[in-house]
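Visitor: Protein chains in written order, with the working numbering: chain E, 172 to 285; chain V, 2 to 111.
One structure coming up, written as structure tokens, with questions to follow.
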């Protein structure tokens, strides 16, 4: 299995631009998570999908952030407009909730907003 | 404060054992996890322990769980330079949420 796939691995953009991060979970997993990692705040859960439905988006910082999961094999996290304080590493993880809730992480997208 | 607490740094000599400690708060956590993050990489699941176990051994890794004290530890035997990384302790909450510690940076010196 290829594991969780994220793209791009690195993104540099200017303040005000739209940023879209992509994730392909492990085949057969029914749950997907988006996390943000910063030095100041550590790992924060942004949003959790189960069977493609957003279950918990309480961690999404503000309306500039949105996430979708149109099917079981693809999810996006969009930031519009981006701000310098959004600079972080964004991780996607997937698991089979209800069987064994062990989350497997992708390699992350390092986002820099200038 | 943090739900999961870890010491921030550990320095160990190559060949010695490393012990990374963690305390957590939720006594109803079903699983407790150790993840490893190497520079520029994602989190790699190292091992996990079910809450009704006291110990789990997997090659050079030994996990000890003290439920009474809500204390979890990870011992790495014969620590190698490739073990230099950040190690995260995590507890499962609400069936899907993982609460992570801040991470312990392990530096292996020759």
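All C-beta atoms in this analysis are idealised placements derived from N, C-alpha and C, irrespective of residue type, glycine included.
Source: prediction; values computed, not measured.
Distance check for residue 36(V) and residue 263(E), CA to CA, integer angstroms please.
Guide: If you number the first chain from 1, residue 263(E) lands on position 92. If you number the second chain from 1, residue 36(V) lands on position 35. Computed Cα separation, rounded: 15 Å.
Visitor: Considering residue 248(E), what are the terminal residues of the beta strand (DSSP E) in which it resides?
Guide: Translated into the one-based positions of the first chain, residue 248(E) becomes position 77. Run containing residue 248(E): 245-250, per the beta strand (DSSP E) assignment.
Visitor: Along the beta strand (DSSP E) that carries residue 265(E), what are the first and last residues, could you check?
Guide: Stepping through the first chain from its first residue, residue 265(E) is reached at position 94. Looking at the DSSP string, the run of the beta strand (DSSP E) that includes residue 265(E) is 259-267.
Visitor: How about residue 183(E) and residue 285(E): do their beta carbons lie closer than 8 Å?
Guide: Residue mapping note: residue 183(E) aligns to position 12 of the first chain, counting from 1. Residue mapping note: residue 285(E) aligns to position 114 of the first chain, counting from 1. In contact: residue 183(E) and residue 285(E) (Cβ atoms closer than 8 Å).
Visitor: Given a limit of 7 Å on CB to CB distance, which residues of the stretch 248-276 of chain E reach chain V?
Guide: Cβ contacts with chain V come from 262, 268, 272, 273, 274, 275, 276.
Visitor: If we cut at 8 Å on Cβ distances, does residue 282(E) have a partner in chain V?
Guide: Your numbering for residue 282(E) matches position 111 in the first chain. Not an interface residue.
Visitor: Cα-Cα, which of 195(E), 210(E), 230(E), 212(E) is closest to residue 266(E)?
Guide: Locating residue 266(E) in the first chain gives position 95, where the first residue counts as 1. Checked all of 195(E), 210(E), 230(E), 212(E); the closest Cα to residue 266(E) is 195(E).
Visitor: Along the chain, where does the beta strand (DSSP E) containing residue 207(E) start, and where does it finish?
Guide: For the purposes of this step, residue 207(E) is taken as the residue at position 36 of the first chain. Here the beta strand (DSSP E) through residue 207(E) covers 202-209.
Visitor: Could you tell me the distance, in whole angstroms, from the CA atom of residue 94(V) to the CA atom of residue 15(V)?
Guide: The residue given as residue 94(V) occupies position 93 in the second chain. The residue given as residue 15(V) occupies position 14 in the second chain. If I take the Cα positions, the gap works out to 35 Å.
Visitor: Can you pull the chain V residues whose beta carbon is under 7 Å from the beta carbon of residue 179(E), in chain order?
Guide: The sequence position of residue 179(E) within the first chain is 8, counting from 1. Ordered by position in chain V, no residue passes the 7 Å Cβ test against residue 179(E), which lies about 14 Å from the chain.
Visitor: Less than 8 Å between C-beta atoms, sequence neighbours within five positions excluded: which residues of the same chain meet that for residue 13(V)?
Guide: Numbered from its first residue, the second chain carries residue 13(V) at position 12. So the qualifying residues of the chain are 19, 80, 107, 108, 109, 110.
Visitor: Would you tell me roughly how many angstroms separate the C-alpha atoms of residue 192(E) and residue 28(V), rounded to the nearest one?
Guide: As a working note, residue 192(E) is residue 21 in the first chain. As a working note, residue 28(V) is residue 27 in the second chain. Roughly 35 Å between the two C-alpha positions.
Visitor: Among 40(V), 17(V), 44(V), which has the Cα closest to the Cα of residue 102(V)?
Guide: One-based indexing of the second chain puts residue 102(V) at position 101. Per the Cα distances, 44(V).
Visitor: Any C-beta of chain V within less than 8 Å: which residues of the stretch 208-228 of chain E qualify?
Guide: The residues in question are 213, 214, 216, 219, 221, 226, 227.
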